[in-house]
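First up is the structure itself, then whatever we jot down about it.
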Amino acid sequence: MTTNILEMRGITKTFPGVKALQDVTLNVARGEVHAICGENGAGKSTLMKVLSGVYPHGTYTGDIVFEDEVVEFKDIRDSEAKGIVIIHQELALSPYLSIAENIFLNNEQRGALGLIDWNKTNTEAVKLLARVGLRENPTTKIMDIGVGKQQLVEIAKALSKRVKLLILDEPTAALNDEDSDHLLNLMLHLKGQGITSIIISHKLNEIKKVSDAVTVIRDGKAIETIDKVDVTEDRIIKDMVGRDLEHRYPDHTPNIGEEILRVEDWTAHHPQDPTRVMVDNVNLNVRRGEIVGIAGLMGAGRTEFAMSLFGRTYGSRITGKVFKAGKEIKTRTVTEAIDNGIAYATEDRKTYGLNLIEDIKRNISMASLGKLVKGGLVDDNEEFKVANEYRTSMNIKAPTVLAKTGKLSGGNQQKVVLSKWIYSNPDVLILDEPTRGIDVGAKYEIYAIINALAAQGKGVIVISSELPELIGICDRIYTLSEGRITGEFPIDDATPETLIKHMTMEKAR
Amino acid sequence: MSDLDTKPASNTPEGAQVNPSNSKAAAWFSHVIADLGKNGIFVALIVVVVLFSFLTDGILLRPQNISNLIVQNGYILVLAVGMVMVIIAGHIDLSVGSVAAFVGAVSGVFAVTWGLPWWLSIILSLLVGALVGVWQGFWIAFVGIPAFIVTLAGMLIFRGLALVVLGNANIGSFPGEYRALGNGFLTDVFGEFELDPLTLGVAALAIIALIVQQVRTRRGRAAYGQEVEPLVWFVGKLVLITVGIGMFAYALASYKGIPVTLIVLAVLILVYGIIMNRSVFGRHIYAIGGNLHAAELSGVKTRNVTFWLFVNMGVLAALAGLIFTARLNLAGPKAGDGFELEAISAAFIGGAAVQGGVGTIGGAIIGGLIIGVLNNGMSIMGIGIEWQQAVKGLVLLLAVAFDVYNKRRSGGR
């Protein structure tokens with residue numbers, strides 16, 4: 001009898017041409033929170049897919065020992081039957097079904113004649129919801145609750161399956177700070193009830209907060225497992241990238257010039273419910289060479305502001321004025337915004353930023369095809385050349401620009417999105433969560449790109465919910481709460497404490 | 510990293526050598542295999558042709574039959590061109606058969622009942638098709654009703670209107686020039702020979718143009734440091750295509766020459782091929798089908814593109830209606846029945862994806878030809894219409910299943 005609930009021994013998994021995992025060993029002690037870190041593509045997800053039976057026994061080599069028994073999972077049901085439940089980053093909930101229906105999906109609470117016993121379903125659901133600290137009516141539809149609560153429903157669903165080992169794949173990636181905190185506390189709470197968990201995360205501060213041990217994976221190998229007392233951010237980062245990152249943010253010497261963009265009294269309403277104010281009288285400006293941050297919690301109206309400004313792609317009843325270099329401009333359509341030198345890189349690259357079934361080349365040229373037209377036709381040789389130049393200068397890791405963007409890692413996808421917008425030659429770039437879901441090494445590269453853009457005299461607006469990131473790269477930060485600008489801070493006055501205070505400032509009622 | 514200019518100075522594309530294989534033969538072989546995989550649909554057409562020329566004791570490849578194959582399937586191929594564009598954009602058009610019937614009927618009124626000149630009748634008919642497209646495009650692009658619903662409604666509306674126009678009778682006996690669209694041959698214009706010299710001349714020109722264009726493309730790519738296929742394979746393919754065109758032209762020349770329908774088709778394939786590959790409009794169609802939101806946020810005027818796409822489809826449906834009517838020399842209420850299904854099948858057999866974003870004009874044409882050869886071959890063999898239907902359905906299913914299987918296999922992790 002060991003104290004380990006799980007031992008993965010010498011796991012090797014190969015895909016055609018790639019060794020995704022090489023002799024990885026992972027030991028998870030009973031009742032602990034075990035964090036797994038690594039850059040994107042390091043093999044974390046592959047390891048978890050091996051564990052949960054997505055890659056069935058026989059497609060990998062090595063042994064999995066769960067509760068002192070060698071297990072050979074054929075599929076994900078096998079692993080769930082043993083009490084291993086994995087919650088993926090993209091939640092597997094059906095939006096049109098109720099909370100209770102989702103919890104008991106494929107595990108329906110049956111009564112007489114094998115029909116569903118709704119009373120039992122809903123009562124059991126309430127009990128499970130209480131365990132995850134969620135007070136919601138079990139008949140509420142999933143689509144009507146926020147992402148943070150949906151995450152909790154997923155955990156309640158796992159609890160309903162009598163989970164012993166809970167695996168969370170980047171659970172806080174889409175959550176704001178408050179929901180993240182709640183989730184992390186819940187993990188500690190479940191630990192108290194004897195549930196072991198594995199958390200995959202990029203966020204080093206939260207790893208430090210919850211985990212008892214951290215295993216770092218790099219290039220398909222387990223680099224080391226660090227005990228709680230020895231965990232430092234620097235050590236994890238060093239293990240992840242294989243080198244010392246002296247600074248997590250590249251040096252940036254601001255060279256600030258004239259005002260390039262000013263937004264006055266910008267107000268936008270909800271697209272379906274025009275009485276709801278989503279962006280409330282926002283005033284802000286950016287100067288040439290300046291990196292301006294917008295800090296706000298999820299739902300504060302950050303993306304809503306950016307999208308309503310960028311060709312009115314969000315909202316209704318939009319009012320306000322936009323000035324570029326002192327002259328009023330209109331941004332009523334995306335084309336008009338682009339023509340006026342504004343670019344907007346969206347928060348969700350897969351849904352809104354890229355054509356994933358198309359290659360790098362055509363994604364980069366998408367917003368500026370007109371530049372490549374010769375004699376009425378697109379010059380595809382020139383397009384290839386341009387794309388190749390960006391592949392080199394932006395360090396997009398792909399064998400050729402003919403590679404489909406759907407096959408790239410998050411960091412490289414983001415570089416393609418940025419290339420697209422840089423090629424449109426804007427004066428102002430609005431970057432919405434530019435480093436979300438991107439590993440540490442690629443983040444640094446993105447920051448360097450942002451700096452380089454500012455150094456060229458462009459104005460950059462960075463929207464982010466990661467405060468250290470904003471403080472690390474910006475020259476000035478606005479805080480946004482409930483659609484209103486609640487503060488403006490030169491970088492020297494911006495501390496996490498003051499920013500948070502202003503980000504949570506509520507309207508006087 | 511500091512060099513972020515829109516035009517960085519470096520011009521050393523590392524991507525040029527993707528496959529640094531030490532064995533030249535292996536690289537060559539892998540290239541041929543990859544090419545065949547990419548053009549699997551072309552291979553499938555050849556297989557179907559070879560199969561049916563055996564099953565029909567060679568009747569399939571007789572000059573007269575080859576000529577018939579083109580003329581009989583011309584209208585489906587015209588529809589397939591428009592349909593694959595609609596499908597690439599992520600839509601569908603169920604109304605094309607009814608629109609073809611409606612425009613056929615209207616053209617009968619123009620050319621026969623009113624006695625307008627043939628050319629004016631054709632132009633007016635195409636305009637009617639465009640108006641139909643404007644109507645459907647408006648609902649789909651600007652009101653936001655799914656194309657499936659709008660064109661399902663259109664299928665009923667225009668079938669009904671066709672009956673209204675015809676008043677429960679056929680309109681027949683069109684002017685000769687009008688009929689040429691479906692039945693005519695270029696030799697009719699230039700006189701008749703044993704082996705039509707015009708056909709052979711046109712074929713020779715086409716081959717020369719093709720070779721010049723291919724060589725120029727290859728040189729252009731090489732000049733920009735892009736990967737080009739091995740020279741042997743490049744030349745080999747050109748030789749194969751030349752032989753193919755030559756044999757095809759010989760067959761046509763020893764029958765009646767070049768069908769007018771073929772000329773119309775050739776122009777459509779050329780023009781729309783260029784539009785889809787090289788024009789901004791074509792690129793926007795692929796972008797919309799690939800990711801509507803991303804296209805919108807990149808400044809693509811998605812509604813306008815969708816609108817014009819359906820206007821275009823309306824015109825092509827009208828053209829198909831004209832060719833069909835001209836061929837039968839009759840505008841009847843049953844015209845165009847089931848055309849939409851054949852055109853949609855052609856697009857999907859030709860590799861278009863149900864989710865949109867993927868597909869080619871060439872693929873749709875070959876898909877249409879496969880259906881055509883199946884129809885024709887089975888008819889020669891004396892297989893009844895009921896079995897023909899069943900076989901065609903099965904082929905559609907298998908073609909798409911094969912495509913899905915292929916994608917899954919190459920999908921990696």
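Chain order of the listed sequences is A and B. Residue numbers 1 to 509, in the working numbering, belong to the letters of the first sequence in order. Residue numbers 510 to 922, in the working numbering, belong to the letters of the second sequence in order. Don't be surprised by glycine CBs; every beta carbon is placed ideally from N, CA and C. Since the model is a prediction, treat every value here as computed from it, not as a measurement.
Assigned exposure category for G257 (chain A) - 16 Cβ within 10 Å defines buried: exposed
Chain B contact for I338 (chain A) (CB, 8 Å cutoff): yes
Presumed contact (8 Å Cβ cut-off) between E90 (chain A) and K161 (chain A), rounded CB distance: Actually they do not touch by this definition, with Cβ atoms about 19 Å apart.
Beta-bridge pairing of H269 (chain A) - partner residues as DSSP gives them: A:V277 and A:S316
Nearest-angstrom Cβ-Cβ length linking L377 (chain A) and I783 (chain B), presumed shorter than 8 Å: 7 Å
H189 (chain A) classed as buried or exposed, judged by whether at least 16 other C-beta atoms fall within 10 angstroms: exposed
Cut-off 7 Å between Cβ atoms - residues of its own chain near L354 (chain A), not counting five sequence neighbours on either side: N363, T405, Q413, V416 and V417
For F66 (chain A): DSSP bridge partner residues: A:L6 and A:E69
Whether G472 (chain A) touches I438 (chain A) by CB criterion (8 Å): no
Within chain B, the residues that I461 (chain A) reaches when beta carbons sit closer than 8 Å: Ordered by position in chain B, no residue passes the 8 Å Cβ test against I461 (chain A), which lies about 16 Å from the chain.
Contact under 8 Å by Cβ, V163 (chain A) with G83 (chain A): yes
Chain-ordered residues of the region 533-567 of chain B with a beta carbon less than 8 Å from chain A: none
is_contact[R728 (chain B), chain A] using C-beta, thresh 8 Å: no
Contact set for S530 (chain B): own chain, Cβ-Cβ below 6 Å, skip 5 residues either direction: Unreliable placement is indicated for S530 (chain B), whose pLDDT of 44 sits below 50; the coordinate value is still reported in the next sentence. Once the five neighbours on either side are set aside, the close Cβ partners of S530 (chain B) are A536.
V163 (chain A) - DSSP class collapsed to helix/strand/coil: coil
Buried versus exposed, by CB contacts within 10 Å (16 or more), A387 (chain A): buried
heavy atom of the ligand ATP below 7 Å from K321 (chain A) C-beta: The ligand ATP is absent from the structure shown, which contains no ligand whatsoever.
Per-residue burial, F15 (chain A) [other beta carbons within 10 Å of its own, 16 or more giving buried]: exposed
Straight-line Cα distance separating E347 (chain A) from R436 (chain A): 8 Å
Inside the region 759-843 of chain B only - alpha helix (DSSP H) runs reaching at least 4 residues: 769-787, 789-799, 801-806 and 811-837
Alpha-carbon spacing of D6 (chain A) relative to A125 (chain A), whole angstroms: Reading the sequence as shown, one finds Leu at residue 6 (chain A) and not Asp. If I take the Cα positions, the gap works out to 29 Å.
Through-space distance from A758 (chain B) to L704 (chain B), alpha-carbon basis: 10 Å
The region 802-823 of chain B: positions lying closer than 9 Å to chain A by Cβ: H802, A803, A804, E805, L806, S807, G808, V809 and K810
Cβ distance (whole Å) where M822 (chain B) is taken to contact D544 (chain B) below 8 Å: 31 Å between Cβ atoms; not a contact.
Under 8 Å between C-beta atoms of A100 (chain A) and N122 (chain A): yes
Contacts of G860 (chain B) in chain A (Cβ-Cβ under 8 Å): The contacting residues do not exist; G860 (chain B) stays about 13 Å from chain A at best.
Alpha-carbon spacing of G753 (chain B) relative to S365 (chain A), whole angstroms: 37 Å
Backbone secondary structure at I155 (chain A) - three-state DSSP: helix
Contacts that T313 (chain A) makes with chain B (C-beta to C-beta distance below 8 Å): E805 and L806
C-beta atoms of V618 (chain B) and V674 (chain B) nearer than 8 Å: yes
Residue from A:I260, A:R135, A:G459 and A:I195 whose Cα sits closest to the Cα of H34 (chain A): A:I195
Coil, strand or helix - D544 (chain A) by DSSP: A question about residue 544 (chain A) goes unanswered here, because the residues of chain A that appear run from 1 up to 509.
Cβ shell of L467 (chain A) (< 8 Å), same chain only, five flanking positions each side left out: A295, P496, L499 and I500
Spatial distance of A403 (chain A) from K397 (chain A) (CA atoms): 10 Å
7 Å Cβ shell around A20 (chain A) - same chain, five flanking residues per side excluded: K13, T14, G43, T46 and G220
Cβ neighbours of F743 (chain B) in the same chain (closer than 8 Å, five flanking residues each side left out): Q723, R727 and V737
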